[in-house]
Structures are given as structure tokens and as C-alpha cells.
Amino acid sequence: MSQATLRIQKISGHAGSIPGEDMQRQEQVCKLVDTTTCIGCKACEIACQEWNDLPFATTSFDNTYQTMPHTEWNFWNLIKFNEHPKPDGGFMWLMRKDQCMHCADPGCLAACPSDGAIVQYANGIVDFQQDHCIGCGYCITGCPFNIPKFNPTTKRVYKCTLCSDRVSNGLEPACIKACPTGCLHFGTKDDMLDLAHKRANQLREHYGFENAGVYDPPGVGGTGVIYVLHDATQPEAYGGLPANPSIPWVVRLWKTPLKYLGNLAMLGGLVGVTLHYLRFGPKTVKDDRVEKEL
Amino acid sequence: MSTSAVLPSDRTRGNSDDRILRYSFGDRLMHWIAGLSYVYMLATGLAFWSPYLFWIADLVGGGPVARFWHPWVGLLWFAGVLWMFTAWRSDMRTTAADREWAKHIGDYIRNEDENLPPIGRFNIGQKQFFWIMFYGGIALVLSGVAMWFVNDIPWDWRWLRYAAVLIHVVSALLTIGAFIIHVYMGTAMVRGGFTSIIRGEVSGSWARMHHRLWYEQVTGRRLRKPGDA
Chain A
1 MSQATLRIQK
11 ISGHAGSIPG
21 EDMQRQEQVC
31 KLVDTTTCIG
41 CKACEIACQE
51 WNDLPFATTS
61 FDNTYQTMPH
71 TEWNFWNLIK
81 FNEHPKPDGG
91 FMWLMRKDQC
101 MHCADPGCLA
111 ACPSDGAIVQ
121 YANGIVDFQQ
131 DHCIGCGYCI
141 TGCPFNIPKF
151 NPTTKRVYKC
161 TLCSDRVSNG
171 LEPACIKACP
181 TGCLHFGTKD
191 DMLDLAHKRA
201 NQLREHYGFE
211 NAGVYDPPGV
221 GGTGVIYVLH
231 DATQPEAYGG
241 LPANPSIPWV
251 VRLWKTPLKY
261 LGNLAMLGGL
271 VGVTLHYLRF
281 GPKTVKDDRV
291 EKEL
Chain B
1 MSTSAVLPSD
11 RTRGNSDDRI
21 LRYSFGDRLM
31 HWIAGLSYVY
41 MLATGLAFWS
51 PYLFWIADLV
61 GGGPVARFWH
71 PWVGLLWFAG
81 VLWMFTAWRS
91 DMRTTAADRE
101 WAKHIGDYIR
111 NEDENLPPIG
121 RFNIGQKQFF
131 WIMFYGGIAL
141 VLSGVAMWFV
151 NDIPWDWRWL
161 RYAAVLIHVV
171 SALLTIGAFI
181 IHVYMGTAMV
191 RGGFTSIIRG
201 EVSGSWARMH
211 HRLWYEQVTG
221 RRLRKPGDA
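Chains A and B supply the protein sequences, listed in that same order.
In terms of the working numbering, the first sequence is residues 1 to 294.
In terms of the working numbering, the second sequence is residues 1 to 229.
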């Protein structure tokens, strides 16, 4: 979803420095999802499909109201449903809007080998540029939230753009606009954090949710989508929201120390055989036909 | 076996060195299926490995094209490796003569080949290269298939995504190291080696110098030991 008007601060698979990096500071944009006021109406799902002009995605029933098991290449915004047992024997419905988290430290971008296939704009939006995507799926391995999905027909990977086309024109993302309960908010990261903490405080003090809190995981440098949870100590209960997400250590190892070691080893091999040739030269066979047979 | 044939070539008969068939047409075909497809895998793999080498992908049709063909050519490469495995497996077992030869590896590196004990069709370095490519190939194919279909690996099995990347990278690097040495030795260092894998033949002198026991086996002749008067 290319948006040339947005300033870029990180580029995947890019050799050398990033043009225009740190030239201009911008406010970080952020979505706030208050799971405590979500009613699971799925208006955001439909708004996402409509605005992004995504083809119909096949639904599958799993004994909950959830549309499908996880996001798909043509379904970027999914309400995850969980019937959560309470200590008193009853249960409560946990509903969480799942989509790309727009990490400050994006694992997809770190893993991507293709120049410019994934960019992070100066406002914090992480966006896939399908024009430059080669379809290797490394981003799928790099993502700690199981978000990017491969389209086998176009052989490109897709995910939520945080409606970068709308945001760059001063509009809120489509999901925010569609929400009827006001559980979705959009604004600067500072404002959304402030609002989220106020709401969490309210939940703790007035609604008896002692563990209510804000989900803005530091392992990925914070996210461009933050949640208010009734119980911030159990994020996994909200459709598998990871408690301490970070870029997988294998991806970190692969992209930095292993790359340097590997390059050093390959260069060392080339230098080694060259030195051997210069020092010892070729093995030549001398004609030994005078040798008599026994 | 076909390699046991001695070829008295018409153009060299009489006053020239005898020519011995070292690699049959099938040997050469399987070697070059694996060799050329490995070069493609290496080039495209390096393009995906480092942004500073991504230009290689442009040389072979662009990133998406390289990404499309990399796994398929990889299967072709592995087919070549498996073919070599079926054909050469018995020749690739380490023997007592190899172990004795390996003690003199320094002489081999310094091109002091007159100090080396006689060996069979392949030396221990060639055998180790073969096994690195065979086991490396298994690791590359298994991890490569997982990377190919990463989108279909369930989230609960995501350790498999991570393991695949790590195994693919480490085994690729191991085969690259072996490949550098193999290409250097086959083209620049061991004269006559490259011709043998193209035309199939080596000279009698070449065979006696590098693979004396194999020479005796395929010709049925027995040679004096180098030190004998």
C-alpha cells in the first residue's frame, strides 16, 4: 500500500543509509483498543474489508463468534473471542481486535531481505510495499504476533496498513471510524497512552478489575496499537496475545552475528585458497611412463 | 563398472600416455546437474542473505523470480546429490589407506605428493566433501521446505519456522565453505581434475600420481612402490 507522501524512517533489506532518516520528527500515531468496552460487533472487520477493498474471506466456525482462526492475507482485522472462566465459576467474554501491532522495532522489517518491501514511516506505521515484496515469507518468521500472511496467487505478503492512505490524509483508520461503542480510539501515542492509563485506573478503582492495565509491550519497543485489558497479567487469555513479545532470537542471531560470521568465513575461504595458490601453486602431474610394471 | 575401462585413444595410441575413463557420462551429468544448480542456489541464496548482495537477484530476473525458482532448483540440486549418492556411495567410504593418507595431509597441501601413500578412486578430502554435500543437502532440503511453506506452519509450531531458518543458514554456510575449496581444487589446484569431470578421462600418469590404488584396480596392473629401485 504505497504512500509516497509519508516520510520513511526504516527500510527493509536496505544497503547503506536511509535517505532522509531523522530529517524530520513526527508524532507517533497509535490505535487504542479498549477491550473492556468492545461488544464484538465486528463493525471494524467489515470497515477494514470495505476500505481496503479486500476480496471476501472464507469464514470458519469454531464454536465461538470468531470469524476465522487467525488473520488472513485478505482479512487484516479479526476480533478474537474467548470465553474466560472466572474464579467464582462464571465466565466472561474477552474480545480483542487483532491486527498488525505496528511495532516500534518490527520483526518483519528486520527479517525482510528485499530492499524497501517493508517500510516504517516517521509516524510509526509499518507498511508492506507489495511492489517490492518477493514473497519469501521471512516476515512471517520475524513477526512475534503471527500477523503477515502469504497470498499464494500473487505470491506477496499482506497485513494491516493502519490505513496509511487515510492517515496520510488526516483521517482515522477505517476500523476506528466504524466502532459504535467508542472502544477504538486513534491519535498520537502520547495521547493514547494517557487515555489508556486513565481508563485502566478507572477499571481498577471503580469496577473491581484489580489487574486492569495497558498493553504496550517493551520487548518490541512499544507498539502502534495498544490495549486496555481487564487483566493485564494474563494477556494470553485475550486470544493468545503474547505476554512478552520480542523479535525471535533466531531472527536476531541470523540477521546480525551469524551474518557477520558467515561473511567473514566466506571471505576467509576465498582469501585462503588464493593464498594457497600464490604460495604453493598447482599440482602438476609429471609424465611417469618410464615406470616399469611389475 | 564402466570406470574400469581403459581407453586406448586413437590419437594418443603408441607414443603417448594412456587415457583412463575416470567419470562416465552419467557421472559427469549428475555432477553438473548438481554443480550448476548449486551455483544458482548460491547466487540467489546470497541475494536473500545480504542487502549488499541483493543485486544478484536482479541479474537472474529480479527478486520475485529468484524467490520463485530457488526452491525448485534446490530440488533439482538435491536430485543430483541423491543420484551421486546412489552411484558413488560405495566409493566414498573411508578406508585404511585414506586414514594413512590423511596423516600426510600437510604434504598434500604443500604439493609434496611424492610423500603420500597410495589411495583409491577418491581421497579423503573428496569423500568429506561428498558427505558434507549429502548431509548438508538433507538439512537444506528439509529446512528449505519448511521455509517454502512457512505460511502453512501453525503458530503453535512456530519453533519450526525458527529452526528452519537457523538450520538453512548454518548448513548453507558449511556447504559454501566446502564448495569454495572444491571449486578451487577442481579448477586451479589439481591440474587435470577439471578436464576429467568435463571429458571423463585422465592420463595414466595423473591416475598413478593421485589415485594409485584405483589405477591398479581399473587397469589390473600392479605398480612398484615409489621408493623401490
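Beta carbons: idealized from backbone N, C-alpha and C, even for Gly.
Pull the bridge partners of L229 (chain A) from the DSSP assignment, please. L229 (chain A) is bridged by DSSP to A:G213.
Between the CA atoms of V165 (chain B) and F150 (chain A) - distance to the nearest angstrom: 17 Å
One question on the structure: do D115 (chain A) and G13 (chain A) come within less than 8 Å of each other, judged by their Cβ atoms? Contact check for D115 (chain A) against G13 (chain A) passes: the beta carbons are separated by less than 8 Å.
For chain B, check one thing: does any of its Cβ atoms lie closer than 8 Å to the Cβ of P106 (chain A)? no
Short CB-CB distance (under 8 Å) between G192 (chain B) and chain A: yes
Determine, for I140 (chain A), whether the minimum Cβ-Cβ distance to residues of chain B falls below 8 Å. For I140 (chain A), the nearest CB of chain B lies under 8 Å from its own CB, placing it at the interface with that chain.
Would you check if the distance between the CB atom of F78 (chain B) and the CB atom of G136 (chain B) is smaller than 8 Å? no
For S17 (chain A), which residues of its own chain have a beta-carbon under 6 Å away from its beta-carbon, when the five flanking residues on both sides are left out? Scanning its chain for C-beta atoms nearer than 6 Å, with the 5 sequence neighbours on each side dropped, one finds no residue around S17 (chain A).
Length of the line joining the Cα atoms of P218 (chain A) and A178 (chain A): Each residue's alpha carbon lies about 29 Å from the other.
Any idea which residues DSSP pairs K259 (chain A) with across the strands? Answer by DSSP bridge pairing: none, since K259 (chain A) is not bridged.
Would S4 (chain B) be called buried (16 or more neighbouring beta carbons within 10 Å of its own) or exposed? Reliability of the predicted coordinates at S4 (chain B) is poor, the pLDDT of 45 falling under 50, and the value obtained from them is presented with this limitation in mind. Classification for S4 (chain B): exposed.
Does Y52 (chain B) come within less than 8 Å of chain A when only Cβ atoms are used? Taking 8 Å as the threshold, the shortest C-beta distance from Y52 (chain B) to chain A falls below it.
Below 6 Å CB to CB, which residues in the same chain sit around S60 (chain A) once its five sequence neighbours on both sides are set aside? M68
N82 (chain A) versus M101 (chain A) - alpha carbon distance: N82 (chain A) and M101 (chain A) have their C-alpha atoms roughly 20 Å apart.
Secondary structure, alpha helix (DSSP H): runs of 4+ residues fully inside the segment 152 to 181 of chain A: 164 to 167, 174 to 178
V31 (chain B), buried or exposed, once every other Cβ within 10 Å from all chains shown has been counted against 16: The sequence given here has His at residue 31 (chain B), not Val. With 16 or more Cβ atoms within 10 Å of its Cβ, H31 (chain B) is classed as buried.
Does R199 (chain B) get closer than 8 Å to chain A when you measure Cβ to Cβ? no
Contact list for G177 (chain B) against chain A, beta-carbon separation under 8 Å: Result: A265, M266, G269.
Where DSSP assigns a beta bridge to W131 (chain B), which residues make up the other side? DSSP output for W131 (chain B) lists no bridge partner at all.
Show which residues of chain A have a CB atom less than 7 Å away from the CB atom of A188 (chain B). Y277, P282
Just the chain B side, please: which residues come within less than 8 Å of K259 (chain A) by C-beta, in chain order? W49, S50
Of the residues A:D191, A:R25, A:N201, which one's Cα is nearest the Cα of G213 (chain A)? Nearest neighbour of G213 (chain A) by Cα position, chosen from A:D191, A:R25, A:N201, turns out to be A:N201.
For I79 (chain A), the residue or residues it bridges with in DSSP: As computed with DSSP, I79 (chain A) is found in a beta bridge with A:K97.
Taking the continuous beta strand (DSSP E) assigned at L39 (chain B), which residues delimit it? The sequence shown places Val at residue 39 (chain B), rather than the Leu named in the question. Here V39 (chain B) belongs to no beta strand (DSSP E); instead the alpha helix (DSSP H) covers 25 to 49.
Any C-beta of chain B under 8 Å from that of N146 (chain A): yes
Nearest chain B C-beta to V119 (chain A) closer than 8 Å, yes or no? no
Short-range partners of chain B found in the segment 126 to 138 of chain A, where Cβ spacing is below 7 Å: I134, G135, C136, G137
Helix, strand or coil: which one does DSSP assign to I39 (chain A)? coil
Could you say which of A:G124, A:L267, A:V157 lies nearest to F149 (chain B) if we only look at CA atoms? A:V157
On the DSSP bridge assignment, give the partners of L213 (chain B) in chain order. Its beta-bridge partners do not exist; DSSP assigns none.
Do the segment 28 to 41 of chain A and the segment 176 to 190 of chain A touch if we need at least three Cβ pairs shorter than 8 Å? Yes: at least three Cβ pairs fall under 8 Å.
Between the alpha carbons of F129 (chain B) and F54 (chain B), how many angstroms are there, rounded? 28 Å
If you compare alpha carbons, which of B:Y215, B:M147, B:R19 is closest to G120 (chain B)? B:Y215
Where does S143 (chain B) land, buried or exposed, given buried means 16+ other C-beta within 10 angstroms? buried
So, under 8 Å CB-CB, D288 (chain A) and S205 (chain B) are touching, yes? Tell me the CB distance rounded to an integer number of Å. 5 Å
Looking at the unbroken beta strand (DSSP E) that takes in Y121 (chain A), where does it start and where does it end? 118 to 121
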